[in-house]
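Please read the structure below before turning to the comments.
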Amino acid sequence: MAPTVCLSDGDDEDGPISFKRTASVKSEQEDDSEDEKPLAMRTTRLTSNASSTSRNSIKRRPGDSNTGTSSPLKKAKHSAIEREPKAADAHDNKIPLAPRLTSVKPSKTKPPAKNATKNKKKSPSSFTKDSQKGVEMKAKKTVRNSRLSKAMKVRQGSGSGKKWSTLEHNGVMFPPPYMPHGVKMLYNGQPVDLTPEQEEVATMFAVMRDTEYASKETFINNFFTDWRKILGKTHIIKKFELCDFTTIYEWHLREKENKKQMTTEEKKALRDEKGKREEKYLWAIVDGVKEKVGNFRVEPPGLFRGRGEHPKMGRLKRRIRPNDITINIGKGTPVPVCPIPGESWKEVKHDNTVTWLAFWNDPINQKDFKYVFLAASSSLKGQSDKEKYEKARKLKDHIDNIRVNYTKDFRSKDQVKKQIAVATYLVDKLALRAGNEKDEDEADTVGCCTLKVENVTCLPPNKLQFDFLGKDSIRYLNTVEVELPVYEAVKEFCAGKNKGDNVFAEIDTIKLNAHLKELMPGLTAKVFRTYNASVTLDAMLNKETEDGTLLQKISIYKRANKEVAIICNHQRAVSKSHDSQMAKLNEKIDELKVQRDGLKAELEKAKKGKRPGDDKDGSRKKKLTPEMLENKISGIEAKIEGMVITKNNTEESKTVALGTSKINYLDPRITVAWCKTHEIPINKIFSKTILEKFGWAMDVGPGFRF
DNA sequence: CCTCAGACTTGGAACAATATTT
DNA sequence: AAATATTGTTCCAAGTCTGAGG
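What follows is the structure, encoded as structure tokens:
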């Protein structure tokens, strides 16, 4: 192995690195057997202790309330030493063996083609009842074979992109009108009168008092500017500094408290009522099949909560009215009635080349749209999800070639080629996002193609340190050893430029993707993320799962999941209870240690002669033989060890978010197959909703490999 | 090409529901 | 039973990528 990419130092097991990839990125050759492994790895990121500097700092949104953890960029995770699985807590669930996976009915992979198919089988769970409910009667040709049919359609789109033939739904639901509370805020110490509209906006702000937004200058300015438009030029309120929203804030707290105090029945009544109101909006009928609608609730007005340093944070997101909304519905099907009397939809379309049911323009950014789509459990979404994974799997067949290809171009004379090669390498190896250009009026974040000179530091002899804010202003901090030509190339790209200049000045995502498409049809940068994630999960699960208890197996899954999350840089804010949680663990550990030491002392005594029988203390407590004591001690020691492991895991995972990869990057079939093979009830891994979303993957055989 | 409207996926936090502890 | 901790769900912001039209 020669120049390997990863430098993980030795170790194999808990080494800092996730994957020691031996395979090729480097020079081509290599045994192929290895190539399935993702290149991704984080060197320093996971490296030892020093790491406190390393990957941490989560950039929190200003919004998060919790007073606690105030420090936004607090320390965060440290190294990530992978520790053994160790089942931490113990709730032993009884182990229902037998994977009931199989039971799930056939996934409906219906081709989008024309006409409905007749399967009504719904995803895994429950609502069979609803779905059956007669919706649909049209029998049509059922084209199976989704994989193929899909591919073709996408590729050449004979019928172009027809997404459905018939579409029925009831439109969208509007939030209730504003109910004025009449609580007067103070201006310059005096109560002020506000119209309901003015009060509404004041309340939006007042209520955010304990979020970080409330103290951000941009937020305040934007809010105040928009609010003053509503107050009018002549209103007494002129200066933000003289505003005191406390009264309204306190009213809000009281409301919250009241709500909490409601009895269970009251709450239930409320829920039922809500359910009743929403009922009709919950479902759409697509090609005769009843499907859940994703987000039929129109977003209520509020103050925009942009993430990171968003220039528009605090702006008023005005109320959306029917007249803002465009409805998409099957031709000939009844148009949803506009729920607000006297008003009407902006437009009604019958476009079956798209999947949205409705949309409106984002009031903050006129050019953006807010769509109402079907839920993730719908077959339309399921199908494209499946296609996404199939495409990622296809990448397996091309990856060797792609790597050879870009490796060759590392030294290309053609600057564009060279930059594309290096960018592709980063996308492949680090699973970076493509990095589209962004507008001035958005938070300043970057991805691969938009990396700035200041985001990359060359550390001789051949390491690169990345430090930038990516999507959602989440910080990406990672130091990686790269192939020498890459290192040299990056150095050259940065030479003589300013901090804020693009590293890849010659390329953008369009060019990058255009190039990728030449290497494999349909290939784009994001496919590498999916590929990387799924390949990693598949490899880890298959390599590491051995016989063990259910808990142990689940722990292995979590570990693999976590590995993927780290590769994708999926982070979360540390929970406000984290510290106390740690403290509690430490306490318990100390307690055990005390116990252990006590026993040790006793053991000494016991060994020193005294036989179990004799001793002055006539106490009833029976003496233990040395062996018994030793047993006890080792028992406690094992316990301690277990707790230390949990503690370390907790600490190491406090900034890692597992959900995102589970939902978006890991081919569910890997999980399903693994569960079947190892007799793990799938619901130990997938929650109900996610199970519904992955209905299409449930009947895969235990032999499935990504 | 390039722009830019458009459509759809991905993302973390807020919030709600449950489970566990006190 | 109340208080907490944990897990699951919803919300809506922020990405990616495509395609039409110049």
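The numbering of the first sequence is UniProt numbering, which starts it at 1 and goes up by one.
Built from N, CA and C at the ideal position, the CB exists for glycine as well.
Mind checking Lys262: buried by the 16 CB within 10 Å criterion, or exposed? By 1-based counting over the first sequence, the position of residue 262 is 262. Going by the sequence as given, residue 262 is Met instead of Lys. With fewer than 16 other beta carbons inside 10 angstroms of its own, Met262 counts as exposed.
Three-state secondary structure assigned by DSSP to Ile237: Locating residue 237 in the first sequence gives position 237, where the first residue counts as 1. Ile237: coil per DSSP, three-state reduction.
Bridge partners - Gly447, DSSP secondary structure assignment: Residue 447 sits at position 447 when you count from the first residue of the first sequence. Beta-bridge partners of Gly447 (DSSP): none assigned.
Note down, in chain order, each residue of its chain lying with its Cβ closer than 6 angstroms to the Cβ of Pro175, except the 5 sequence neighbours on either side. To locate residue 175, count along the first sequence from 1; it is residue 175. In its chain, beyond the 5 residues on either side, Pro300 have a beta carbon closer than 6 angstroms to the beta carbon of Pro175.
Using 8 angstroms as the cut-off, can you tell me whether the region 554-568 makes contact with the region 662-671, which would need three or more C-beta pairs spanning the two stretches below that distance? Pairwise C-beta distances place the region 554-568 in contact with the region 662-671, as three or more of them are shorter than 8 angstroms.
Evaluate Gly701 with the Cβ neighbour count: other Cβ atoms within 10 Å of its Cβ, from every protein chain shown; 16 or more gives buried, anything less gives exposed. For the purposes of this step, residue 701 is taken as residue 701 along the first sequence, with counting starting at 1. By the 10 Å Cβ count, Gly701 comes out exposed.
My output table needs one value for Gln465: the three-state DSSP class, helix, strand or coil. Translated into positions along the first sequence, residue 465 becomes position 465. Gln465: strand per DSSP, three-state reduction.
Could you name each continuous beta strand (DSSP E) segment of 3 residues or more that falls completely within the region 282-341, going from the start of the chain to the end? 283-286, 289-292, 326-328, all fully within the region 282-341.
Taking 8 angstroms as the threshold, find out whether the region 642-661 comes into contact with the region 343-355 through three or more Cβ pairs. Below 8 angstroms, too few C-beta pairs join the region 642-661 and the region 343-355 to call them touching: fewer than three.
Own chain residues within Cβ distance below 6 angstroms of Pro124, not counting five before or after: Here the question's residue 124 lines up with position 124 in the first sequence. Low confidence applies to Pro124: its pLDDT is 34, below 50, so where it sits in the model is not reliable, and the reading given next is rough at best. Closer than 6 angstroms at the Cβ level, and outside the excluded window around Pro124, lie Val104, Leu691, Gly695, Met698.
In this structure, does DSSP put Leu231 in helix, strand or coil? Within the first sequence, numbered from 1, the residue matching residue 231 stands at position 231. The three-state secondary structure of Leu231, taken from DSSP, is helix.
Considering only residues of the same chain and omitting the five flanking positions on each side of Asp351, which have a CB-CB separation below 6 angstroms? Translated into the one-based positions of the first sequence, residue 351 becomes position 351. Asn328, listed in sequence order.
Have a look at Leu551, Gly302, Ser378 and flag the residue whose alpha-carbon is nearest the alpha-carbon of Asp362. Against the first sequence, residue 362 aligns to sequence position 362. Of the candidates Leu551, Gly302, Ser378, Gly302 places its Cα closest to the Cα of Asp362.
Complete beta strand (DSSP E) runs within the region 336-405 (minimum length 3 residues, chain order): Listed in chain order, they are 347-349, 358-361, 369-372.
Beta-carbon within less than 6 angstroms of Ala358's beta-carbon, same chain only, minus the 5 sequence neighbours each way: which residues are those? As a position in the first sequence, residue 358 is number 358, starting the count at 1. Once the five neighbours on either side are set aside, the close Cβ partners of Ala358 are Val172, Ile325, Ile327, Val372.
Can you list, in chain order, the residues of its chain with a C-beta nearer than 7 angstroms to that of Ser653? Leave out the 5 residues immediately preceding and following it. Taking the first sequence and counting its residues from 1, the one referred to as residue 653 is at position 653. Sequence-distant partners of Ser653 (beyond 5 residues in either direction) whose C-beta falls short of 7 angstroms from its own C-beta, in its chain, are Lys562.
Using the C-alpha atoms, what's the distance from Ser534 back to Tyr406? Working through the first sequence from its first residue, we reach residue 406 at position 406. Working through the first sequence from its first residue, we reach residue 534 at position 534. If I take the Cα positions, the gap works out to 22 angstroms.
Tell me the residue span of the alpha helix (DSSP H) that contains Val527. What you label residue 527 is simply residue 527 of the first sequence in a count that begins at 1. From DSSP, the alpha helix (DSSP H) with Val527 extends over 525-544.
If you count every other CB in all the chains shown that lies within 10 Å of the CB of Arg403, and 16 or more means buried, which is it? Your numbering for residue 403 matches position 403 in the first sequence. By the neighbour-count criterion, in which a residue is buried when 16 or more other Cβ atoms sit within 10 angstroms of its Cβ, Arg403 is buried.
Closest by CA to Asn542, which one among Asn683, Lys386, Trp674, Thr264? Here residue 542 refers to the residue found at position 542 of the first sequence. The residue with the shortest Cα to Cα distance from Asn542 is Trp674.
Which of the three DSSP states is assigned to Val456 in this structure? For the purposes of this step, residue 456 is identified with residue 456 of the first sequence, where counting begins at 1. In the three-state DSSP reduction, Val456 falls in the strand class (E or B).
What do you reckon, are the CB atoms on Val286 and Leu380 nearer than 8 angstroms? Here residue 286 is taken as the residue at index 286 of the first sequence, counted from 1. Here residue 380 is taken as the residue at index 380 of the first sequence, counted from 1. In contact: Val286 and Leu380 (Cβ atoms closer than 8 angstroms).
Contact defined as beta carbons within less than 8 angstroms: I believe Ala636 pairs with Gln595. What is the distance between those atoms, to the nearest angstrom? Taking the first sequence and counting its residues from 1, one reaches residue 636 at position 636. Taking the first sequence and counting its residues from 1, one reaches residue 595 at position 595. Correcting the residue identity first, residue 636 is Ile in this sequence and not Ala. Between Ile636 and Gln595 a beta carbon distance of about 6 angstroms is seen, short of the 8 angstroms cut, so the two are scored as contacting.
Would you kindly check if the distance between the Cβ of Ala525 and the Cβ of Asn513 is under 8 angstroms? Along the first sequence, one-based indexing puts residue 513 at 513. Along the first sequence, one-based indexing puts residue 525 at 525. Yes; because the gap between Cβ atoms is below 8 angstroms, this pair is in contact.
Using a 10 Å radius around the Cβ and a threshold of 16 neighbouring Cβ atoms, would you call Glu82 buried or exposed? Here residue 82 corresponds to residue number 82 of the first sequence, with the count starting at 1. Legend: pLDDT at Glu82 = 31, less than 50; position of this residue unreliable, no value from coordinates given.
Per-residue burial, Lys517 [other beta carbons within 10 Å of its own, 16 or more giving buried]: To locate residue 517, count along the first sequence from 1; it is residue 517. Residue environment for Lys517: exposed (fewer than 16 other C-beta atoms within 10 angstroms of its C-beta).
Can Asn445 and Leu426 be called in contact, C-beta distance under 8 angstroms? On the first sequence, residue 445 is found 445 positions in, with the first residue counted as 1. On the first sequence, residue 426 is found 426 positions in, with the first residue counted as 1. Looking at the sequence provided, one finds Thr at residue 445 rather than Asn. No.
Within a Cβ cutoff of 7 angstroms, which residues of the same chain sit near Tyr178, ignoring the five residues on either side of it in sequence? Walking along the first sequence from the start, residue 178 turns up at place 178. Excluding the 5 residues flanking it on each side, Tyr178 has same chain C-beta neighbours closer than 7 angstroms at Pro196, Glu200, in chain order.
Buried or exposed: Gln419, going by 16 or more other Cβ atoms within 10 Å of its Cβ? As a working mapping, residue 419 is identified with position 419 in the first sequence. Buried.
Hey, could you find the ends of the alpha helix (DSSP H) Thr509 is sitting in? Against the first sequence, residue 509 aligns to sequence position 509. Per DSSP, Thr509 is one residue of the alpha helix (DSSP H) stretching across 509-519.
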